Ligand SMILES: Cc1cc2nc3c(=O)[nH]c(=O)nc-3n(C[C@H](O)[C@H](O)[C@H](O)COP(=O)(O)OP(=O)(O)OC[C@H]3O[C@@H](n4cnc5c(N)ncnc54)[C@H](O)[C@@H]3O)c2cc1C
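Residue numbers (this note's numbering): 1113 to 1508.
Okay, here's the thing in structure tokens:
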């Protein structure tokens, strides 16, 4: 077989893949290849602001060629399978690439099968999501034109990237309705699958108080099982049994799943739900030591987020050469973050480890309290950090 061979092959050129490829080059790795089919790169956190009417898709897209680091060999193709015994990846175009180390970061995908009727509902003007770029602008169109009736916001906890940010469109819309004098005419329901709105007890309390102030009816332990798009009705599974709920506007942060080829390639385990079965601390595969994973596709035992990658990228960049040299591997503590707007001008942060213990980036001021400065940084500053530091491997 004459497959080209690279020292490190990175699968997926999203937040994780580009940041890691850049970090590896900075660390002196001589030969990094990237497999990424998309010619457009999205700064996905900004999708929430598109759905909240405070940004456009043009604000968050860049040509992929501008973010692939110089020196990386880019294959503009899609991985269809991995053969970890032979250390080879297979591409949709028929090509094979051999690797020394393989890093998997193809992210996760909306699990359409998990909620029958969701695809049909999103095809109407009455239901939408911020989780798909093609639907994010329609979310604000739907929310901003609602003048009365019932708005339902449903947030799954099944592998949703940074799931609490599903609250951003909710609170931005509620603030809009309040300013327009419409809040009393609109019934707002928030359905959350998990037991909390966010990963820390303190931020959870803050957000419930915010929801209460807008008159939002919060129901935890409640999942959308099926959507009847024609009748505009949700079929729910709650802790008290089955229920139904009609809607005039529906926002969904939908369940996600791993790409199917991960499990088909033998890289998942019975307990990893199809996601890449890595050690959550070292990010090294549990069976194949030359395979690594980070980002939304990895079993890291914490809520996936872009902020989590600030900690995961240096761990993998260190551990790849360290494992070869028999050195001690670095460990990722499960740090993750959820920035949640509480209005159209304020935001709070929930930062925590995989046990839910608070892990603030700075001890002071208290970032778990809503602030104008945090909103401005999240909306305008963070994206500059993303393009100019994170995607250039400038994380340590
Ligand atoms: C609406 C929304 C809002 C968010 N808000 C925040 C936030 O405010 N703060 C925060 O920290 N995080 C946020 N996140 C989460 C954050 O964006 C993700 O955790 C992060 O993007 C994960 O990076 P990733 O590289 O693992 O996956 P992705 O960024 O999804 O990238 C995966 C890449 O892999 C490519 N790919 C897929 N399949 C293949 C294949 N077969 N072969 C090769 N390449 C493939 C894709 O084209 C894509 O480019 C948000 C996410 C969304 C969707």
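Positions of the beta carbon are idealized from the N, C-alpha and C atoms, including for glycine.
Quick caveat, the model's predicted, so the values are computed rather than measured.
Using a 10 Å radius around the Cβ and a threshold of 16 neighbouring Cβ atoms, would you call residue i buried or exposed?
i            : result
residue 1436 : exposed
residue 1476 : exposed
residue 1390 : buried
residue 1280 : buried
residue 1506 : exposed
residue 1448 : buried
residue 1177 : exposed
residue 1424 : buried
residue 1328 : buried
residue 1127 : buried
residue 1142 : exposed
residue 1230 : buried
residue 1439 : exposed
residue 1422 : buried
residue 1431 : buried
residue 1388 : buried
residue 1484 : exposed
residue 1399 : exposed
residue 1401 : exposed
residue 1372 : exposed
residue 1292 : exposed
residue 1426 : buried
residue 1383 : exposed
residue 1247 : buried
residue 1257 : exposed
residue 1167 : buried
residue 1469 : exposed
residue 1352 : exposed
Flag this pair as yes or no: are the beta carbons of residue i and residue j separated by less than 8 Å?
i            : j            : result
residue 1188 : residue 1137 : no
residue 1334 : residue 1356 : no
residue 1443 : residue 1473 : no
residue 1224 : residue 1163 : no
residue 1062 : residue 1310 : In this structure the chain extends from 1113 to 1508, so residue 1062 is not present and cannot be described.
residue 1480 : residue 1459 : no
residue 1412 : residue 1374 : no
residue 1344 : residue 1359 : yes
residue 1191 : residue 1201 : yes
residue 1211 : residue 1495 : no
residue 1565 : residue 1366 : Past the edges of the chain, shown from 1113 to 1508, lies residue 1565, and the structure says nothing about it.
residue 1298 : residue 1263 : yes
residue 1482 : residue 1318 : yes
residue 1287 : residue 1508 : no
residue 1289 : residue 1295 : yes
residue 1239 : residue 1364 : yes
residue 1218 : residue 1379 : no
residue 1466 : residue 1134 : no
residue 1414 : residue 1386 : no
residue 1271 : residue 1209 : no
residue 1308 : residue 1301 : no
residue 1157 : residue 1418 : yes
residue 1405 : residue 1312 : no
Give the C-beta separation of residue i and residue j to the nearest angstrom, bearing in mind that I take them to be a contact with Cβ-Cβ under 8 Å.
i            : j            : result
residue 1184 : residue 1336 : Not quite, the Cβ-Cβ distance comes to about 40 Å (not below 8 Å), so this is no contact.
residue 1354 : residue 1348 : 7 Å
residue 1362 : residue 1245 : Actually they do not touch by this definition, with Cβ atoms about 19 Å apart.
residue 1145 : residue 1179 : About 16 Å separates the two Cβ atoms, so there is no contact after all.
residue 1267 : residue 1304 : 5 Å
residue 1429 : residue 1132 : 6 Å
residue 1152 : residue 1123 : With 8 Å as the limit, residue 1152 and residue 1123 do not qualify as a contact, their Cβ atoms being about 18 Å apart.
residue 1368 : residue 1220 : 4 Å
residue 1169 : residue 1237 : The pair is not a contact, with the Cβ atoms about 18 Å apart (cut-off 8 Å).
residue 1377 : residue 1194 : 4 Å
Just grab the DSSP bridge partners of residue i for me.
i            : result
residue 1213 : 1120
residue 1267 : 1304 and 1365
residue 1449 : 1463
residue 1220 : In DSSP, residue 1220 forms no bridge with anything.
residue 1262 : 1299
residue 1428 : Partner(s): none; residue 1428 has no beta bridge.
residue 1335 : 1349
residue 1194 : 1201
residue 1185 : 1145
residue 1397 : 1390
residue 1208 : 1202
residue 1404 : 1215 and 1396
residue 1240 : 1363
residue 1409 : According to DSSP, which records beta bridges pairwise, residue 1409 is partnered with nothing at all.
residue 1494 : Answer is none; residue 1494 lacks a bridge partner.
residue 1276 : Residue 1276 is not bridged to any residue.
residue 1354 : 1349
Of all Cβ atoms in chain D, is any one closer than 8 Å to the Cβ of residue i?
i            : result
residue 1185 : Although the question refers to chain D, the structure presented lacks it and comprises just one protein chain.
Check whether the Cβ of residue i sits closer than 7 Å to any heavy atom of ligand 3, and report yes or no.
i            : result
residue 1449 : Looking for ligand 3 in the displayed structure turns up nothing; the ligands present are ligand 1.
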